[in-house]
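A.B. asks: Okay, handing you the structure first.
Protein chains: 2
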Amino acid sequence: MKIAVIGNGGVGKALIELFGNKKEKMAAEGLNLTLCAHLDSQGGILDPDGIRLPQLMAHNQHNLPLKEYPKGGAPHLGLEEVLKIEDLDVLIELTPTNKETGEPGLTHITKALTKGIHVITANKGPVMLAYHRLKKLAEKHEAQLWIGCTTGGALPSVNGGMMDLAGAEITSIEGVLNGTTNFILEEMKETGCAYGTALRKAQETGIAETDPTLDVEGWDTATKLLILTNVLMQEDRKLTDVVVEGITGVTAEAIQKAADDGGKIKLVGRAQKTEKRLTLAVKPEVLFSDHPLYGVDGKNKAVRYTTDTLGDLTLMGGASGLIPAAASVLRDLMNLHRGYRY
Amino acid sequence: MKIAVIGNGGVGKALIELFGNKKEKMAAEGLNLTLCAHLDSQGGILDPDGIRLPQLMAHNQHNLPLKEYPKGGAPHLGLEEVLKIEDLDVLIELTPTNKETGEPGLTHITKALTKGIHVITANKGPVMLAYHRLKKLAEKHEAQLWIGCTTGGALPSVNGGMMDLAGAEITSIEGVLNGTTNFILEEMKETGCAYGTALRKAQETGIAETDPTLDVEGWDTATKLLILTNVLMQEDRKLTDVVVEGITGVTAEAIQKAADDGGKIKLVGRAQKTEKRLTLAVKPEVLFSDHPLYGVDGKNKAVRYTTDTLGDLTLMGGASGLIPAAASVLRDLMNLHRGYRY
Numbered sequence: 000m001k002i003a004v005i006g007n008g009g010v011g012k013a014l015i016e017l018f019g020n021k022k023e024k025m026a027a028e029g030l031n032l033t034l035c036a037h038l039d040s041q042g043g044i045l046d047p048d049g050i051r052l053p054q055l056m057a058h059n060q061h062n063l064p065l066k067e068y069p070k071g072g073a074p075h076l077g078l079e080e081v082l083k084i085e086d087l088d089v090l091i092e093l094t095p096t097n098k099e100t101g102e103p104g105l106t107h108i109t110k111a112l113t114k115g116i117h118v119i120t121a122n123k124g125p126v127m128l129a130y131h132r133l134k135k136l137a138e139k140h141e142a143q144l145w146i147g148c149t150t151g152g153a154l155p156s157v158n159g160g161m162m163d164l165a166g167a168e169i170t171s172i173e174g175v176l177n178g179t180t181n182f183i184l185e186e187m188k189e190t191g192c193a194y195g196t197a198l199r200k201a202q203e204t205g206i207a208e209t210d211p212t213l214d215v216e217g218w219d220t221a222t223k224l225l226i227l228t229n230v231l232m233q234e235d236r237k238l239t240d241v242v243v244e245g246i247t248g249v250t251a252e253a254i255q256k257a258a259d260d261g262g263k264i265k266l267v268g269r270a271q272k273t274e275k276r277l278t279l280a281v282k283p284e285v286l287f288s289d290h291p292l293y294g295v296d297g298k299n300k301a302v303r304y305t306t307d308t309l310g311d312l313t314l315m316g317g318a319s320g321l322i323p324a325a326a327s328v329l330r331d332l333m334n335l336h337r338g339y340r341y
Numbered sequence: 000m001k002i003a004v005i006g007n008g009g010v011g012k013a014l015i016e017l018f019g020n021k022k023e024k025m026a027a028e029g030l031n032l033t034l035c036a037h038l039d040s041q042g043g044i045l046d047p048d049g050i051r052l053p054q055l056m057a058h059n060q061h062n063l064p065l066k067e068y069p070k071g072g073a074p075h076l077g078l079e080e081v082l083k084i085e086d087l088d089v090l091i092e093l094t095p096t097n098k099e100t101g102e103p104g105l106t107h108i109t110k111a112l113t114k115g116i117h118v119i120t121a122n123k124g125p126v127m128l129a130y131h132r133l134k135k136l137a138e139k140h141e142a143q144l145w146i147g148c149t150t151g152g153a154l155p156s157v158n159g160g161m162m163d164l165a166g167a168e169i170t171s172i173e174g175v176l177n178g179t180t181n182f183i184l185e186e187m188k189e190t191g192c193a194y195g196t197a198l199r200k201a202q203e204t205g206i207a208e209t210d211p212t213l214d215v216e217g218w219d220t221a222t223k224l225l226i227l228t229n230v231l232m233q234e235d236r237k238l239t240d241v242v243v244e245g246i247t248g249v250t251a252e253a254i255q256k257a258a259d260d261g262g263k264i265k266l267v268g269r270a271q272k273t274e275k276r277l278t279l280a281v282k283p284e285v286l287f288s289d290h291p292l293y294g295v296d297g298k299n300k301a302v303r304y305t306t307d308t309l310g311d312l313t314l315m316g317g318a319s320g321l322i323p324a325a326a327s328v329l330r331d332l333m334n335l336h337r338g339y340r341y
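Residue numbers (numbering that gives the first Met the number 0), protein chains in the order written: chain A, 0 to 341; chain B, 0 to 341.
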């Protein structure tokens, strides 16, 4: 299988590590990877015979740009050169998310699919803005678009809804899909502190970003919910269809009141289908111990699906970090190799 | 896709209902089923052009044996005739489980795979006794053996370990895999009653069987744990390798003591891999609220996997009943149709 990777941030580097460390395990399943190209924003490496993984891992150890890689490294290398590689099977797209334009991922994915090259992406932008268009493009060119990493990383939320519930109809999606907000709410409950204090602790420990807006205002959850809804319920909604309320207004008093009643406040994303309509909402909710999402603690994530014939299914887990995120890209690659048509 | 079904108990009948009710949904995914044969213990129906589902559903409404079905129904119809159907794609094997011999399922599955026909089975016997032999046979004849229904019905335990954790190595399996024992233990906790009382209530409400031995002595859990271990950890263990303790010795006092400490007693099946060895055990354990299986209530089931690169994953759900069990067979069929190689 000939692959190319675009993006060399933390997840990109972790993926190269996994390719190196899991080489034998993959080969035992008949998956022999040839990494033909790897790009970052300054250029990249092109080697149709296959970039040697141990050497690339050593190169990355020194945090050098890819263009400085001895064999095949070059500045100004771009997607056009990569897509000219003969019989390229898969493009792995790991550029940063832009929720307004989807670029540059959207262009990368469009061009690869148009050439009949499968795409695996961890980039939410193109998926939330243009999933159905890209899916149709993929079908037209007999390629596949895999997006398992876009909705919770290691948590197999798309997998769960698609493969684990194959043949059933999903009637509702509920998710605790953002680890940062879950951590902040738990911190407030455990210590009784105010929102601002818990946020600062999350920032100090690297859990929350310096600008935490996307997380705490609920937009990260909304984005993931939107993708799950569009992909698993065959909808074509937009972010503006989601009613979003974040956790910035949650007070220590509200958390204490919920605790007194035996509950916990969690930021829940919810897609609910009735005969007539579908509602999409993200908001803080009090959950009690009989709710499957009650036990989602710390930086964990979870999603619960309700179906017509397979009952309820809750998936909980989704370790945070670069290795799990990269492993969720590898999961898509593995399932693609095993023949699954997305 | 040309299919044949062996077995016409509750799950078999529910599967026919699903085939009928989900016909359009399946067709929308490109899956057009032709049911060419359906056998029960007295004979069956053979119609290479396809048994008409509405008529068969109506026939089943009257609880008549298949041999009395007007078009193609016949006594003494057997597997040999079924396997002679030209281009038969899939055999769905739903005969009752025999844990000593695996028969008659073992013979059915062996013969079908030998002819290169894919098999989907809900029969635990052949899977626990001969999974690896059957798997090799399947590979030799380019057929596939799907077993998703054998370890928790609607709970996608095999799916979860195989597809949701593709590319990761599973280092431990923990499961609350038996709804009957979970119900009994919860009843004891809620009402403070003795084991015998809770068992009777479970029997009266149809949750426990008249002879509950396999459930309450832990053998059902052990069987499921064994299958998951052999399939997902590539082991080849036997039921005698599992240390099994059921719930018959659990006292009301022990449950009260656990509750006082903030815990719940659950029957847990556990496969734990260390560098040197693998241990397999089923026994009642006290779980606390920080354990993902703590919240598995009522007749629910759950399994938790620990992995090398994808963190932990807990799958919880698995509605009981004939429709969910049949829907888990349909899930395998759907994933087979989507190209997944098991």
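Even for Gly, the Cβ is constructed at its ideal location relative to N, Cα and C.
In this text the structure is predicted, and so the values were computed from the model without any measurement.
Check the DSSP bridge columns for A/A36 and list the partner residues they point to.
C.D. replies: The count along the first sequence starts at 1 and reaches residue 36 of chain A at position 37. A/A36 is bridged to A/A3 and A/L45.
A.B. asks: If you follow the beta strand (DSSP E) that B/G71 is part of, which residue opens it and which one closes it?
C.D. replies: Locating residue 71 of chain B in the second sequence gives position 72, where the first residue counts as 1. Looking at the DSSP string, B/G71 is not in any beta strand (DSSP E), and its letter there is neither H nor E.
A.B. asks: Against chain B, does A/Y339 count as a neighbour if the rule is that its beta carbon must be under 7 angstroms from one of theirs?
C.D. replies: Numbered from its first residue, the first sequence carries residue 339 of chain A at position 340. By this cut-off, A/Y339 is an interface position.
A.B. asks: Helix or strand or just coil, what does DSSP make of B/Y339?
C.D. replies: By 1-based counting over the second sequence, the position of residue 339 of chain B is 340. Note: B/Y339 maps to coil in three-state DSSP.
A.B. asks: May I ask which residues mark the beginning and end of the alpha helix (DSSP H) holding A/K22?
C.D. replies: Indexing the first sequence from 1 puts residue 22 of chain A at position 23. According to the DSSP assignment, A/K22 belongs to the alpha helix (DSSP H) that extends over K22 to A27.
A.B. asks: Can you list, in chain order, the residues of the stretch 223-238 of chain A whose Cβ is nearer than 8 angstroms to any Cβ on chain B?
C.D. replies: Residues: none.
A.B. asks: Output needed in chain order: residues of the stretch 266-287 of chain B with a Cβ under 9 angstroms from some Cβ in chain A.
C.D. replies: Per Cβ criterion, the list is empty.
A.B. asks: In terms of alpha-carbon separation, which member of A/V175, A/I172, A/A257 and A/G174 lies closest to A/G191?
C.D. replies: Stepping through the first sequence from its first residue, residue 191 of chain A is reached at position 192. Ranking A/V175, A/I172, A/A257 and A/G174 by Cα distance to A/G191 puts A/A257 first.
A.B. asks: Find the nearest neighbour of A/I183 within the set A/K21, A/L45, A/K275 and A/L266, judged by alpha-carbon distance.
C.D. replies: In the first sequence, the residue the question calls residue 183 of chain A occupies position 184. Measuring from the Cα of A/I183, the nearest candidate turns out to be A/L266.
A.B. asks: Between the stretch 312-323 of chain B and chain A, which residues of the former have a C-beta closer than 7 angstroms to a C-beta of the latter?
C.D. replies: L312, T313, L314, M315, G316, G317, A318, I322 and P323
A.B. asks: I'd like to know whether the C-beta atoms of A/K300 and A/L176 end up nearer to each other than 7 angstroms.
C.D. replies: If you number the first sequence from 1, residue 300 of chain A lands on position 301. If you number the first sequence from 1, residue 176 of chain A lands on position 177. Going by C-beta atoms, A/K300 is nearer than 7 angstroms to A/L176.
A.B. asks: What residues in its chain sit with their C-beta under 7 angstroms from that of A/F287, if we drop five residues either side in the sequence?
C.D. replies: What you label residue 287 of chain A is simply residue 288 of the first sequence in a count that begins at 1. G261, G262 and Y293, listed in sequence order.
A.B. asks: Who are the neighbours of B/Y293 on chain A, taking C-beta pairs under 7 angstroms?
C.D. replies: One-based indexing of the second sequence puts residue 293 of chain B at position 294. Going along chain A in sequence order, the residues near B/Y293 (Cβ under 7 angstroms) are G294.
A.B. asks: So which residues of chain A does B/M333 contact, with C-beta pairs closer than 7 angstroms?
C.D. replies: Numbered from its first residue, the second sequence carries residue 333 of chain B at position 334. Going along chain A in sequence order, the residues near B/M333 (Cβ under 7 angstroms) are A165 and G166.
A.B. asks: What is the residue span of the alpha helix (DSSP H) that B/K139 lies within?
C.D. replies: Against the second sequence, residue 139 of chain B aligns to sequence position 140. Taken as a continuous stretch (DSSP letters only), the alpha helix (DSSP H) holding B/K139 covers K123 to K139.
A.B. asks: Checking the sheet assignment: what are the DSSP bridge partners for A/K300?
C.D. replies: In the first sequence, residue 300 of chain A corresponds to position 301, counting from 1. Answer by DSSP bridge pairing, in chain order: A/G316.
A.B. asks: Does B/K263 come out as helix, strand or coil in the three-state DSSP assignment?
C.D. replies: Position 264 of the second sequence, counting from 1, holds the residue named residue 263 of chain B. Strand.
A.B. asks: Are B/A121 and B/L93 closer than 7 angstroms when you measure CB to CB?
C.D. replies: For this step, residue 121 of chain B is matched to residue 122 along the second sequence. For this step, residue 93 of chain B is matched to residue 94 along the second sequence. Taking 7 angstroms as the Cβ cut-off, B/A121 and B/L93 qualify as a contacting pair.
A.B. asks: I'd like the span of the alpha helix (DSSP H) that includes B/T109, first residue to last.
C.D. replies: Taking the first residue of the second sequence as 1, we reach residue 109 of chain B at position 110. Start and end: G104 to T113.
A.B. asks: Looking only at its chain, what residues have a beta carbon closer than 6 angstroms to the beta carbon of B/V89, apart from the 5 residues adjacent to it on each side?
C.D. replies: Taking the first residue of the second sequence as position 1, residue 89 of chain B is located at position 90. The residues are I2 and H117.
A.B. asks: Between which two residues does the alpha helix (DSSP H) carrying A/I183 extend?
C.D. replies: Position 184 of the first sequence holds residue 183 of chain A. First-last of the alpha helix (DSSP H) with A/I183: G178 to T190.
A.B. asks: Below 6 angstroms CB to CB, which residues in the same chain sit around A/L370 once its five sequence neighbours on both sides are set aside?
C.D. replies: Shown here, chain A extends from 0 to 341; a query on residue 370 of chain A therefore has no answer.
A.B. asks: Just list the residues that DSSP pairs B/Q271 with in beta bridges.
C.D. replies: Taking the first residue of the second sequence as position 1, residue 271 of chain B is located at position 272. Bridge partners of B/Q271: B/S171 and B/T278.
A.B. asks: Anything in chain A within Cβ reach of B/T308, meaning under 7 angstroms, just list it in chain order.
C.D. replies: If you number the second sequence from 1, residue 308 of chain B lands on position 309. L17, I322, P323 and A326, listed in chain order.
A.B. asks: Tell me the DSSP secondary structure of B/H347 in three-state form.
C.D. replies: Absent from the structure is residue 347 of chain B, since the part of chain B shown begins at 0 and ends at 341.
A.B. asks: For my contact list, A/E216 and A/K200 are in at a C-beta cut-off of 8 angstroms; report their separation, rounded to the angstrom.
C.D. replies: To locate residue 216 of chain A, count along the first sequence from 1; it is residue 217. To locate residue 200 of chain A, count along the first sequence from 1; it is residue 201. Under the criterion of beta carbons closer than 8 angstroms, A/E216 and A/K200 do not qualify as touching, at roughly 19 angstroms.
A.B. asks: Thinking B/L335 and B/L17 are a contact (beta carbons under 8 angstroms), I'd like their distance in whole angstroms, please.
C.D. replies: Here residue 335 of chain B refers to the residue found at position 336 when the second sequence is read from its first residue. Here residue 17 of chain B refers to the residue found at position 18 when the second sequence is read from its first residue. That pair is no contact at about 15 angstroms.
A.B. asks: Which residues of chain D have a Cβ atom closer than 7 angstroms to the Cβ of B/A153, listed in chain order?
C.D. replies: Note that chain D does not occur in the displayed structure, where the protein chains are A and B.
A.B. asks: Can you give me, in chain order, the residues of the stretch 51-62 of chain A that have a beta carbon less than 7 angstroms from any beta carbon in chain B?
C.D. replies: Per Cβ criterion, the list is empty.
A.B. asks: Flag this pair as touching only if the stretch 150-166 of chain A and the stretch 306-314 of chain A have three or more C-beta atom pairs under 8 angstroms; answer yes or no.
C.D. replies: yes
A.B. asks: In chain order, what residues of the same chain have a beta carbon less than 7 angstroms from the beta carbon of A/G104, not counting five sequence neighbours either side?
C.D. replies: Your numbering for residue 104 of chain A matches position 105 in the first sequence. The answer, listed in chain order, is E92, T94, T120, N122, G124 and P125.
A.B. asks: Please identify the residue among B/D48, B/Q143, B/W218 and B/H37 whose C-alpha is closest to the C-alpha of B/N31.
C.D. replies: The residue labelled residue 31 of chain B in the question sits at position 32 within the second sequence. Minimum Cα distance to B/N31 is reached at B/D48.
A.B. asks: Looking only at C-alpha atoms, which of B/E234, B/T109, B/I146 and B/V285 sits nearest to B/K259?
C.D. replies: Here residue 259 of chain B refers to the residue found at position 260 when the second sequence is read from its first residue. A small correction: the amino acid at residue 259 of chain B is Asp; Lys does not occupy that position in the sequence shown. Comparing Cα positions, the closest option is B/V285.
A.B. asks: If you follow the alpha helix (DSSP H) that B/I226 is part of, which residue opens it and which one closes it?
C.D. replies: Working through the second sequence from its first residue, we reach residue 226 of chain B at position 227. Residues W218 to L231.
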